[in-house]
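Colleague: Residues in the sequence shown are numbered consecutively from 1, following full-length UniProt numbering. Where a beta carbon is used, it is the ideal one built from N, C-alpha and C, also for glycine.
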Amino acid sequence: DYQLRLQSSPINVQNLSNIDLRKYNVLVIPDSGDIGRVLDKKAVEKIKRWIEGGGTLIAIGNSAGFAAHKDRGLSSVRLKRDVLDKLEEYREAVGREKNARDIKIDPNQIWGTIAAEEKAAKAKTDEGETKKPEESKTKPNIEKLKRTDEWRRIFSPRGTFLTGTVNSEHWLGFGLQEKLPVMFWGSSAFMSKHPVATVVRLADKNELRLSGLLWPEAKERLTDTAYATVESVGRGQLILFATDPTYRMWLPGVQRLFLNAILL
Numbered sequence: 001d002y003q004l005r006l007q008s009s010p011i012n013v014q015n016l017s018n019i020d021l022r023k024y025n026v027l028v029i030p031d032s033g034d035i036g037r038v039l040d041k042k043a044v045e046k047i048k049r050w051i052e053g054g055g056t057l058i059a060i061g062n063s064a065g066f067a068a069h070k071d072r073g074l075s076s077v078r079l080k081r082d083v084l085d086k087l088e089e090y091r092e093a094v095g096r097e098k099n100a101r102d103i104k105i106d107p108n109q110i111w112g113t114i115a116a117e118e119k120a121a122k123a124k125t126d127e128g129e130t131k132k133p134e135e136s137k138t139k140p141n142i143e144k145l146k147r148t149d150e151w152r153r154i155f156s157p158r159g160t161f162l163t164g165t166v167n168s169e170h171w172l173g174f175g176l177q178e179k180l181p182v183m184f185w186g187s188s189a190f191m192s193k194h195p196v197a198t199v200v201r202l203a204d205k206n207e208l209r210l211s212g213l214l215w216p217e218a219k220e221r222l223t224d225t226a227y228a229t230v231e232s233v234g235r236g237q238l239i240l241f242a243t244d245p246t247y248r249m250w251l252p253g254v255q256r257l258f259l260n261a262i263l264l
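#1: Can you name the start and end residues of the alpha helix (DSSP H) that A68 belongs to?
#2: Can you give the Cα-Cα distance for P195 and L84, rounded to whole angstroms?
#3: Chain C beta carbons: is any one of them nearer than 7 Å to that of L27?
#4: Using the beta-carbon count (16 or more within 10 Å), is P252 buried or exposed?
#5: Quick check on DSSP: helix, strand or coil for P245?
#6: If F174 sits next to I60, beta carbons under 8 Å apart, how far is it from one beta carbon to the other, in whole angstroms?
#7: Could you check which residue in N108, P245, D102 and H69 has the C-alpha nearest to that of E178?
#8: Please name the residue in H69, K219 and L27 whose C-alpha comes closest to that of R158.
#9: What are the boundary residues of the beta strand (DSSP E) that P181 is part of?
#10: Pull up the distance between the alpha-carbon of R96 and that of E89, whole angstroms please.
#11: Ignoring anything shorter than 4 residues, give me the alpha helix (DSSP H) runs that lie fully in the stretch 158 to 214, in order along the chain.
#12: What span of residues does the beta strand (DSSP E) with Y227 cover, start to end?
#13: With H, G and I counted as helix, E and B as strand and the rest as coil, what does DSSP make of T148?
#14: Do you know how far the Cα of I58 is from the Cα of K42?
#15: Rounded to whole angstroms, what is the Cα-Cα separation between S75 and L238?
#16: For the alpha helix (DSSP H) that L222 lies in, which residues bound it at each end?
#17: Measure the C-alpha to C-alpha separation of A67 and E217 and round it to an integer number of angstroms.
#18: So, is I51 buried or exposed, given that buried needs 16 or more other C-beta atoms within 10 angstroms?
#19: Can you say whether R147 is buried or exposed, counting buried as having 16 or more other CB atoms within 10 angstroms of its CB?
#20: Might you give, ordered along the chain, the residues of its own chain that have their beta carbon closer than 8 Å to the beta carbon of L27, omitting 5 neighbours on each side?
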């Protein structure tokens, strides 16, 4: 209220069943490690119906992790520990995002004026001489991935400044430059792909750390994970933040993200 000059209405979530949510257009669930104890299945269903009716839910930190759990039915975003068998899909999605930021148009590809030797090479590939069968792909060793992820979580940062890459063309990133410093702590690594809009994604490992202690294990785990996401739920939307964008009101850029989430 004091910093942003916005009126807010505190809600006791323990009385959520008795509250008419229709008079609210934005709900913010702050970072809380105990949110799962007070929001039972019935409360989650009530919130989901409210979002589908046109509401905006903003979940932060551990509350975002609560919303991202597949059993909640709220979000398409997932915690990394829950999708270790699909990491390749998410890597491909990140690759497409990066390519979209640096589009290079080849007229020959568009208008079909490919050189004869390129056509011959393509035909050779189509005949299967250079392609490998899909079945030959090695399946991921899930148990090994679980052990690795569990080990890397031990090295999670406790308050480190990291670099976020902003999609400034999305309304949530309005007014921000391409690179954004964010403060990160905790072991929650969020994975997102289309149709979820990943407005802020943590940078690759060569640019990730800005300041503070970041163990190599944590760097490997957090690289290219999502920091701020937006997704449609019915006629409403769900916005997730990996950590608290208003923490001690230190970072005006990340605060701008939060303000956009509330107002736009």
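Modeller: Reading from the atomic positions:
#1: N62 to A68
#2: 20 Å
#3: The structure shown has no chain C; it contains just one protein chain.
#4: exposed
#5: coil
#6: Not a contact, Cβ separation roughly 20 Å.
#7: D102
#8: K219
#9: K179 to W185
#10: 11 Å
#11: none
#12: A226 to V233
#13: helix
#14: 19 Å
#15: 7 Å
#16: P216 to L222
#17: 26 Å
#18: buried
#19: exposed
#20: I11, L21, I47, W50, G55, T56, L57 and I58
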